[in-house]
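Asks: Those protein sequences? They're chains A and B, same order as listed. For the first sequence, our numbering begins at 1 and goes up steadily by one. For the second sequence, our numbering begins at 1001 and goes up steadily by one. Here a beta-carbon is modelled for each residue, glycine too, at the ideal position from N, C-alpha and C. Only a predicted model underlies this, so the values are computations on that prediction, with no experimental measurement involved. Starting off with a structure, shown below.
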Amino acid sequence: MNALSQSLQRIGAIIFKELRQLIRDRPTFGMVVMVPLIQLLLFGFAINTNVRDLPVGLVDLSHTQTARALVSDLGATQVVRFTQTYQTPALAEEAIRRGHVHAVLVIPEDFGQRLQDQRAIAQWLIDGSDTMVGNALLALQQMPFASGFEAQPSSRKNTFEVALFFNPERRSAINIVPGLVAIVLTMTMVMFTSAALVRERERGNLELLITTPVRSSEIMIGKIVPYVFVGLIQMTIILGLGHVIFAVPINGRLDQLVLGVFAFISASLTLGLLVSTIAKTQLQAMQLTVFLLIPSILLSGFMFPYEGMPEAAQWIAEALPATHFIRMVRAIVLRGATLEDLQPDLWWLIGFTVIGVIAAASRFKKRLD
Amino acid sequence: MTDPAMRDTANQWAIETRGMSRRFGDFVAVDQLDLCIPYKTIYGFLGPNGCGKSTSMRLITGLLTPSAGDIRVLGMEIPAQAELLRRRLGYMTQKFSLYDDLTVQENLRFMAQIYNLDSRSVKQLIDSQLSRYQLNERKTRLAGSLSGGQRQRLALAAATLHQPELLILDEPTSAVDPENRRDFWEKLFDLCDGGTTILVSTHYMDEAERCHGLAIMESGVKRADGAPAQLMRELGARVVEIDGENLRLLKQQLGELPEVVSTAQQGTHLRVLIKESIEDPERWLREVHPQLVHDRQIHAVRPSLEDVFVHCTGSHASSGGARQ
C-alpha cells in the first residue's frame, strides 16, 4: 500500500466514524432534515411585502351614498378591510394609539362638495410606525374615484390626504429598533437559561445539588433571576442607543416599558427552562434555541408585517412570545400606549409564563428516575 | 407497609434495608438487597462496575424510588422522608461535581449557604475544613485547576462541611493515586472516629479490606457480607500457590478439574482456589494429579479478600459463596 492509499484509508475511517456519530445523535440528525424544511416554509410564508386585508377603521361624517361607494371601492382593492367604525376622529386616533387598527379613513361632512371641487375627498390617519404597512396605505392615496355625476373628468392630484402618525419621515429604524429588543431578548434569554441548566447537568453539578436540601423550584428561580437583570441591561442598551444614534422616540412611560419587558423576559426565561428539560447537551440547547429564534424573527412581525402572512403562519406567530412583545414594545415606545391598552398581549405572556413554569418544574424532578 | 420487625430495630442501625429492589424496565439493577449497617462504622460495597453499587446508594439516599422493599436511614423512612435526610447526609459523587469555575473557597461557601449553615460561624468552619484537608494554600485557586487528589479532598471537605451523620461516597478514589488514596482513608477513619457513619463503594480490594463491614455485590445481588477478616476466614475454599515453569499450561489443566474453583497467575506463581471438601490440597494434588505438580513447589497460603471476591462472584458463585 502506498502513502496515498494509506492516507485515503485513514480519511475514510474518519468519514464513516463521523457519519455513524451523526446518525446516532438523534437531535442533530433531526436538524439536518428539519432545518431546510422549516426554513423553506417560514421564509416562503413570511417574506411577503404585499400587505393585504389590513384592518382599518372608518369615521363617516357625511353619511352619503357616495361615501359608502368609496368605502366599498377601497374594500375592493383588498389592501384594507374595514373592521371598525368610530363616531369622531378623536376616538379613531385613540384606537390607532391602542393598536386596534393600523389606519382610519375620515370622510368629512363636506365630502360631496370636495368631490365637486376636485379637492382631496377624505383623509387617511395612518400608524406609520411600520413602514411597510404605511407604504401599502400610501399607495392608495391616488386611487381614482368618481361618483358619476361630475361635470368634467377628475383632475385632482390626490384622492386622499394622509396624516402619518408616529413616524412621519417613514424611517425603518423607528420600527426596527424596538422590535430588536424582542429578538435579542429571545436569543439571549432562551439560550442563557437553557444552556445554564444543561451545563449544570452535563458537568455533574446537578447530581450533587439534588442530594442537598435545595428544592428544584429554588434551583430554577436561582438560575433564572440573574438573567432578568441581563435582559433589562440589554433592553436599556438597545433602546438607549436607538434613541441616541437613530433618534427613535420613547413616547411611552418608562414604568410601562419596564413592566412589559419584565413580562416578556419571564416568558422567554420560561421558554429557556422548557428547552433545558428537553436538551441533554449544551449543543442541543443551542440548536433548539436557534429553532425557536428563526420563527421569532420571521413570523413575529419584526421584519415582515403580520398582516401579510397567511393564516397558518399567523397562528404560529401567535404562539411565540416575541410576536406579543413586539406588538407591546412598539405600542409603548412609538405610540405611547399603556399596558392597559395592551391587555390581551400582556395576559398572554403572563399565562405562558405560569403554564411554562409548571410544565418545566414537573419535568425537572429532584429524583433521578 | 413497614415491616414491624424493622420498626423495633429502628435505632439500632444507621442503614437498614429489607428486600430493596430496583428495576429499570426489564433490567434488575438491585435485587432483594438486605442490609444492616451499624452506626459509626465504615461499610463498603465491593463489586465490579454495573453490579448495582451506585443504584443501591441512590436508593438509600432517596434519589431513586425503590421498585420494592423497605429502606430506613438514620431512623427515617426513605424515600418518604428523603428531604429530611438531606440535611444529615453528605454525598460525594463518582465524578467531581463541584464547580470548576469557582475557587476552592467559593465552592465551600456556596455549599455552606445551600445547607443554611449559620453565617457567623461559616468563615471559621471553612477555614478549619481548608486546613484539615490541606487546601489552605489553594483556597483562591479555581477548582478546575486542582490535581485529582486536591479535588477529591475539596469534594470531601464540601461533603462534610455541614457535619453529616451519614457520609456516602460513590467510588471516591477511582481517579486518585495510591498515596492520596491512603491519605484519603486516614481522613475517613478520622471522620468515623468522630461519629460519622460512612458508606463507600469501591472496586479496589485494598480499600475494601479497610472497611469495618463489607457487602460483595454482583449483578444487583449481595453475594456475601461481613467483616473482611471474617469473610477471609470463612472463605469456603482453600488457597495454594504453585511455582514453576509453564504456568499458562498448568492454569489451563487445573482449570478443568471440578475440585478447582479458580486459578490466577501472580507473577511467578499460580494462585489456586480449591474446594473446602479437599482437606489437604497439597497432598491431594501430589497424590491425585502427580503429573501436574511434580517438581513444583506448593504452599498453602492465607486467603485474601480477592480470593473471597473471586470465590463468590462470577461463574463460581453458584457453587457456593461465603455465607453471611
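Pull out every residue of the segment 1090 to 1118 of chain B whose Cβ sits closer than 9 Å to any Cβ of chain A, in chain order.
Replies: Here the close residues are 1090, 1091, 1092, 1093, 1094, 1095, 1096, 1097, 1098, 1099, 1100, 1111, 1114, 1115 and 1116.
Asks: Tell me the rounded alpha-carbon separation between residue 1250 of chain B and residue 1276 of chain B.
Replies: For the purposes of this step, residue 1250 of chain B is identified with residue 250 of the second sequence, where counting begins at 1. For the purposes of this step, residue 1276 of chain B is identified with residue 276 of the second sequence, where counting begins at 1. In a straight line, the C-alpha of residue 1250 of chain B is about 21 Å away from that of residue 1276 of chain B.
Asks: Could you work out which residues of chain A lie near residue 1061 of chain B, taking near to mean beta carbons separated by less than 7 Å?
Replies: By 1-based counting over the second sequence, the position of residue 1061 of chain B is 61. What residue 1061 of chain B touches in chain A: 211.
Asks: With 8 Å set as the bound, which would you pick, yes or no: does the beta-carbon of residue 1004 of chain B sit closer than that to a beta-carbon of chain A?
Replies: On the second sequence, position 4 is the one that residue 1004 of chain B refers to. Confidence at residue 1004 of chain B is low in this model, with a pLDDT of 49, below 50, so its placement is unreliable and the value that follows should be read with caution. Not an interface residue.
Asks: Using only CA atoms, which one of B:1303, B:1243 and B:1209 lies nearest to residue 1234 of chain B?
Replies: Walking along the second sequence from the start, residue 1234 of chain B turns up at place 234. Of the candidates B:1303, B:1243 and B:1209, the one whose C-alpha sits nearest the C-alpha of residue 1234 of chain B is B:1303.
Asks: Using a Cβ-Cβ cut-off of less than 7 Å, list which residues of the segment 1278 to 1295 of chain B approach chain A; keep chain order.
Replies: Here the close residues number zero.
Asks: Considering only DSSP beta bridges, list what residue 1226 of chain B is partnered with.
Replies: Residue numbering aside, residue 1226 of chain B sits at position 226 when the second sequence is read from its first letter. Partner(s): B:1214.
Asks: With DSSP as the reference, identify every bridge partner of residue 1036 of chain B, one or two as the case may be.
Replies: Position 36 of the second sequence, counting from 1, holds the residue named residue 1036 of chain B. BP columns for residue 1036 of chain B point to B:1016.
Asks: Output, in sequence order along the chain, the residues in the segment 1146 to 1163 of chain B whose CB is closer than 7 Å to any CB in chain A.
Replies: Against chain A - using a Cβ distance shorter than 7 Å - the segment 1146 to 1163 of chain B contributes no residues.
Asks: List the residues that DSSP assigns as beta-bridge partners of residue 1201 of chain B.
Replies: As a first step, residue 1201 of chain B is located in the second sequence; it is residue number 201 there, counting from the start. DSSP lists B:1045 and B:1170 as partners of residue 1201 of chain B.
Asks: By alpha-carbon positions, which one of A:207, A:213, A:217 and A:181 ends up nearest to residue 234 of chain A?
Replies: If you number the first sequence from 1, residue 234 of chain A lands on position 234. Per the Cα distances, A:181.
Asks: Give the single residue among B:1220, B:1221, B:1219 and B:1214 whose Cα lies nearest to the Cα of residue 1227 of chain B.
Replies: Along the second sequence, one-based indexing puts residue 1227 of chain B at 227. It is B:1214 whose Cα lies nearest to the Cα of residue 1227 of chain B.
Asks: Any idea what DSSP makes of residue 1091 of chain B, helix, strand or coil?
Replies: Sequence index remark: in the second sequence, residue 1091 of chain B carries index 91 (1-based). Note: residue 1091 of chain B maps to strand in three-state DSSP.
Asks: Counting only beta-carbon separations shorter than 8 Å, does residue 207 of chain A have a partner in chain B?
Replies: Position 207 of the first sequence, counting from 1, holds the residue named residue 207 of chain A. Interface residue, yes.
Asks: For residue 1126 of chain B, is the classification buried or exposed, using 16 other Cβ atoms within 10 angstroms of its Cβ as the cut-off for buried?
Replies: On the second sequence, position 126 is the one that residue 1126 of chain B refers to. It is buried - the Cβ of residue 1126 of chain B has at least 16 other Cβ atoms within 10 Å.
Asks: Buried or exposed, going by whether 16 or more other CB atoms sit within 10 Å of the CB of residue 168 of chain A?
Replies: Walking along the first sequence from the start, residue 168 of chain A turns up at place 168. The residue in question, residue 168 of chain A, is exposed, as its Cβ has fewer than 16 Cβ neighbours within 10 Å.
Asks: Consider the Cβ of residue 1049 of chain B: report whether some Cβ of chain A lies at a distance smaller than 8 Å.
Replies: Stepping through the second sequence from its first residue, residue 1049 of chain B is reached at position 49. Closer than 8 Å: no.
Asks: What span of residues does the alpha helix (DSSP H) with residue 1183 of chain B cover, start to end?
Replies: By one-based count along the second sequence, residue 1183 of chain B stands at place 183. Unbroken alpha helix (DSSP H) run through residue 1183 of chain B: 1178 to 1193.
Asks: Can you tell me where the alpha helix (DSSP H) holding residue 1068 of chain B begins and where it ends?
Replies: Against the second sequence, residue 1068 of chain B aligns to sequence position 68. No alpha helix (DSSP H) contains residue 1068 of chain B, which is instead part of the beta strand (DSSP E) from 1068 to 1073.
Asks: Here's the rule: buried if 16 or more other CB atoms are within 10 angstroms of the residue's CB, otherwise exposed. What is residue 198 of chain A?
Replies: For the purposes of this step, residue 198 of chain A is identified with residue 198 of the first sequence, where counting begins at 1. Burial call: buried.
Asks: Work out the CA separation of residue 1200 of chain B and residue 1004 of chain B for me, nearest whole Å.
Replies: If you number the second sequence from 1, residue 1004 of chain B lands on position 4. If you number the second sequence from 1, residue 1200 of chain B lands on position 200. Note that residue 1004 of chain B scores a pLDDT of 49, beneath 50, so its modelled location is shaky; the value from the coordinates is reported in the next line. Taking the straight line from one Cα to the other gives about 28 Å.
Asks: Closer than 8 Å by C-beta to residue 217 of chain A: which residues in its own chain qualify, once you throw out the five before and the five after it? Chain order, please.
Replies: As a first step, residue 217 of chain A must be located in the first sequence, where it is residue number 217. Contacts found: 361.
Asks: So for residue 6 of chain A, helix, strand or coil by DSSP?
Replies: The residue given as residue 6 of chain A occupies position 6 in the first sequence. Helix, per DSSP.
Asks: From what residue to what residue does the alpha helix (DSSP H) around residue 1148 of chain B run?
Replies: By one-based count along the second sequence, residue 1148 of chain B stands at place 148. 1148 to 1159 is the span of the alpha helix (DSSP H), which, as asked, contains residue 1148 of chain B.
Asks: In the DSSP assignment, find the unbroken beta strand (DSSP E) run with residue 223 of chain A in it and report its ends.
Replies: Counting from 1 along the first sequence, the entry for residue 223 of chain A is found at position 223. Per DSSP, residue 223 of chain A belongs to no beta strand (DSSP E); it is in the alpha helix (DSSP H), 216 to 246.
Asks: Less than 8 Å separating the beta-carbons of residue 223 of chain A and residue 193 of chain A?
Replies: Position 223 of the first sequence, counted from the first residue, corresponds to residue 223 of chain A. Position 193 of the first sequence, counted from the first residue, corresponds to residue 193 of chain A. Against a cut-off of 8 Å, the Cβ pair of residue 193 of chain A and residue 223 of chain A comes out as a contact.
Asks: Counting along the chain, where does the beta strand (DSSP E) carrying residue 1270 of chain B start and finish?
Replies: The sequence position of residue 1270 of chain B within the second sequence is 270, counting from 1. Unbroken beta strand (DSSP E) run through residue 1270 of chain B: 1269 to 1275.
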